[in-house]
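In our numbering, the protein residues as written are 8 to 188. Glycine is no exception: its CB is placed at the ideal position from the N, C-alpha and C atoms.
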C-alpha cells in the first residue's frame, strides 16, 4: 500500500513530494525543494526499512546552489551504521533515521513504537542535518497525546505537535509543514 502526499512549508519557502510504502518492506521516497533569499536547495532521498520499521538503507542527494553532495547510510541487523562504507560507531544501536529536511521520517518511530495514549518513549536517531550535510546522534522523545496526535521533543528543547493519519503518517507538523490539499 502506498500513500503519496505533498507537503508545503508554512513559511512558503519550500515543498515536498513524498511516498510512504507499507508492506513487507516499509519505505519513504521524497523530493524536497527549498528556496530562501540566500540559499536554494533540493534534497532527493530514499529510506528503506525492515518489516519492523527499523531503518536499513538511506540514500540522499543534496543539491545546494551549484554544489552536489550524496550519502548512503546503511545499518546492519546489529544496528551498526556506515556512511558510504565507513563505520560510524557514534550511531551504533540507533534504529531510526531523522532526515532534517523533511517531516516524513517522523513516521518511522511513530509507527515502530506503537505508543498508547499518554505514553512516551525516548530514542536516539541518526540525524542528517542541513545545510551541514552531516550525521549526528539526536535524542528525541515522542509522546502520544491522542488517537492521531503526538508531541515530538528533541534534546535541544525543540517541541512540535504532530497530527497523523491512521497509519501514523504525519499530515501536520506544527509551525513548519502542512499537507498540501
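The beta strand (DSSP E) spanning residue i covers which residue range?
i	result
residue 51	46-56
residue 21	21-28
residue 43	33-43
residue 176	Taken as a continuous stretch (DSSP letters only), residue 176 belongs to no beta strand (DSSP E), as it is neither H nor E.
residue 163	From DSSP, residue 163 is part of no beta strand (DSSP E); its letter is neither H nor E.
From the DSSP secondary-structure annotation, give me the bridge partner or partners of residue i.
i	result
residue 142	135
residue 9	28
residue 169	157, 180
residue 186	14
residue 147	130, 161
Output needed for residue i: all residues of its chain with C-beta closer than 7 Å, excluding positions within five of it in sequence on either side, in chain order.
i	result
residue 31	58
residue 96	none
residue 20	41, 42, 43
residue 180	110, 167, 169
residue 55	32, 34, 63, 64
residue 60	33, 115, 118, 119
residue 99	86, 87, 88
residue 113	159, 169, 177
residue 82	62, 63, 88
Might you give, ordered along the chain, the residues of its own chain that have their beta carbon closer than 6 Å to the beta carbon of residue i, omitting 5 neighbours on each side?
i	result
residue 131	101, 144, 146
residue 53	36, 66
residue 38	24, 51
residue 79	66, 91
residue 75	none
residue 164	none
residue 48	41, 71
residue 11	26
residue 84	none
Under 8 Å Cβ to Cβ from residue i, same chain only, skipping five residues before and after it: list those, please.
i	result
residue 182	17, 167
residue 77	66, 67, 68, 69
residue 162	145, 146, 147
residue 9	26, 27, 28, 29
inquiry  = Which complete alpha helix (DSSP H) runs does the stretch 68-139 hold, if anything under 4 residues is left out?
reply    = Fully enclosed alpha helix (DSSP H) runs of 4 or longer: 114-120.
inquiry  = Pairs of beta-carbons, one from the stretch 119-132 and one from the stretch 149-164, closer than 8 Å: are there three or more?
reply    = Using a Cβ-Cβ distance cut-off of 8 Å, the stretch 119-132 and the stretch 149-164 are in contact, since at least three pairs of beta carbons, one from each stretch, lie closer than that value.
inquiry  = Quick test of the definition: if touching needs 3 or more C-beta pairs under 8 Å, does the stretch 138-148 touch the stretch 174-183?
reply    = Contact fails: fewer than three Cβ-Cβ distances are below 8 Å.
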